[in-house]
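Residue numbers (the working numbering): 38 to 298. For each residue, glycine too, the CB sits at the ideal point set by N, CA and C. Bear in mind that the values here come from a model prediction, so they are computed numbers and not experimental data.
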Amino acid sequence: MNGIVIAAIVVAGIGLAAGILLGIASIVFSVKQNEKEQKLLEILPGANCGACSFAGCADYARALATGKVKITLCPVGGEAGVKKIAEVLGVDAGETRKKVAFVQCAGDCGHAKQHAEYHGVPTCYAANLLCKGEKECAYGCAGLGDCVEACKYGAISVQNGVAVVDCSKCVGCGMCAAACPKKLITLVYAGNYAHVACRNADKGGETRAVCSAGCIGCGKCVRTCENGAITLLDNHAQIDIEKCIGCGKCVPACPVGAIRI
């Protein structure tokens, strides 16, 4: 009996000593958090989405505190967040413009021809590796929702075989763009600007043969735009958002309806 009591006392003593040593070590080796860093962390949304290119909000706050990184890297915080960060750092917030995701494909089930039935792993990534998806257009949206899974804000869904963005929910984090194996999703300025919902680089006749909504590179939009915001590159129209004034004249000029506002 005495042996058991002694053993218990010894174990308790060891535990107490270890606890004291750990407590001392935590004090001696602790890293004091920068007050500025703490304020910045409180401003950041805590989404830890990685859109800022850092591992999480804490890492971005730490980097911001050094004054060596841009204060506009967090799209989730938006303009209000940038202004608060600028106030803490004592710098000019500058101009910020909200961005949202845009899917460069209008080839839904009613427009794009189907060349196969895919029954493999239900992800866009897997389908793209195997057969580029069910549609004849190799550039088109596979519609299996990798972007939907990546979005933490419920801002994107697959409708009739193609991804669609709800701009009222989109925060412009870019996670959906990173998840798309065909790189069909891009970040654009929010607002009434024109965008081309097609990335098909084939010649017009080939594009028309696989999708009735695909850009055929006819150039009508180029000739219609009075600001020189539209050019043809890789057989499809591309719009310079810095030159676009959102007049909308290019939309009805497109014979296939590939331009959206």
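Residue i - partner residues in DSSP beta bridges
i             : result
lysine 136    : Tyr226
leucine 323   : Since the first residue of the chain shown is 38 and the last is 298, residue 323 is not available in this structure.
alanine 200   : Val195
isoleucine 51 : Beta-bridge pairing links isoleucine 51 to no other residue.
cysteine 172  : In the sequence under discussion, the amino acid at residue 172 is lysine, which differs from the cysteine named in the question. Paired residue(s): Gln151.
histidine 232 : Arg297
cysteine 111  : Answer is none; cysteine 111 lacks a bridge partner.
cysteine 248  : Ala149
7 angstroms CB neighbourhood of residue i in its chain, flanking five on each side removed
i                : result
leucine 77       : Ala98, Leu101, Ala102, Ile122, Val125
tyrosine 162     : Asp183, Pro218
phenylalanine 91 : Tyr97, Ala100
alanine 227      : Lys135, Lys136, Val137, Cys204
serine 194       : Val185, Val201
Proximity below 8 angstroms, CB of residue i to CB of residue j
i             : j              : result
cysteine 291  : cysteine 258   : yes
aspartate 145 : asparagine 71  : no
alanine 216   : glycine 285    : no
histidine 148 : serine 249     : yes
valine 137    : valine 225     : yes
alanine 188   : cysteine 168   : One point to set straight first is that residue 188 is cysteine, not alanine, in the sequence displayed. Not closer than 8 angstroms, so no.
glycine 265   : asparagine 229 : no
alanine 164   : leucine 181    : yes
Of the listed residues the options, nearest to residue i (C-alpha basis)
i             : options                        : result
cysteine 281  : Ile267, Ala274, Asn272, Val293 : Ile267
proline 112   : Tyr190, Asn165, Cys168, Gly52  : Tyr190
cysteine 199  : Gly170, Ala215, Glu74, Ile41   : Before going further, note that residue 199 is valine rather than cysteine in the sequence given. When each option's Cα is compared against that of valine 199, the closest is Gly170.
alanine 84    : Ala164, Ile276, Gly256, Val208 : Val208
glycine 251   : Gln275, Gly294, Cys213         : Gly294
lysine 105    : Val128, Cys86, Gly93, Lys120   : Val128
tyrosine 223  : Ile80, Ile278, Ile46           : Rather than tyrosine, the amino acid found at residue 223 in this sequence is threonine. Answer by Cα proximity: Ile278.
glutamine 75  : Ile57, Cys94, Leu58            : Cys94
isoleucine 80 : Gly56, Leu58, Thr109           : Thr109
Residues near residue i by beta carbon distance below 6 angstroms, same chain, minus five either side
i            : result
glycine 254  : Gly241, Leu269, Asn272, His273
valine 247   : Lys150, Glu173, Cys174
alanine 88   : Pro112, Cys210, Gly211
arginine 297 : His232, Ala234
lysine 120   : Ala130
leucine 53   : none
alanine 50   : First, the amino acid is wrong: residue 50 is glycine here, not alanine. Answer for glycine 50: no residue qualifies.
Nonlocal neighbours in the same chain, by C-beta distance under 8 angstroms from residue i, ignoring five residues either side
i             : result
cysteine 142  : Tyr176, Gly177, Cys178, Val199, Ala200, Leu221, Ala234, Cys235, Arg236
alanine 238   : Tyr176, Asp271, Asn272, His273
cysteine 86   : Val113, Lys189, Cys210, Met212
glutamine 275 : Val233, Ile267, Thr268, Leu269
lysine 73     : Ala102, Val125, Leu126
Closer than 7 angstroms: residue i CB and nearest the ligand ADP heavy atom
i          : result
valine 113 : Of the ligands one can find in the structure shown there are none, so the ligand ADP has no counterpart to examine.
Next item on the list: Flag this pair as touching only if the stretch 132-146 and the stretch 110-122 have three or more C-beta atom pairs under 8 angstroms; answer yes or no.
Entry: Put simply, the stretch 132-146 touches the stretch 110-122. At least three CB pairs are less than 8 angstroms apart.
Next item on the list: Answer yes if the stretch 201-209 comes into contact with the stretch 149-161, meaning at least three C-beta pairs across the two stretches below 8 angstroms, and no otherwise.
Entry: Using a Cβ-Cβ distance cut-off of 8 angstroms, the stretch 149-161 and the stretch 201-209 are not in contact, since fewer than three pairs of beta carbons, one from each stretch, lie closer than that value.
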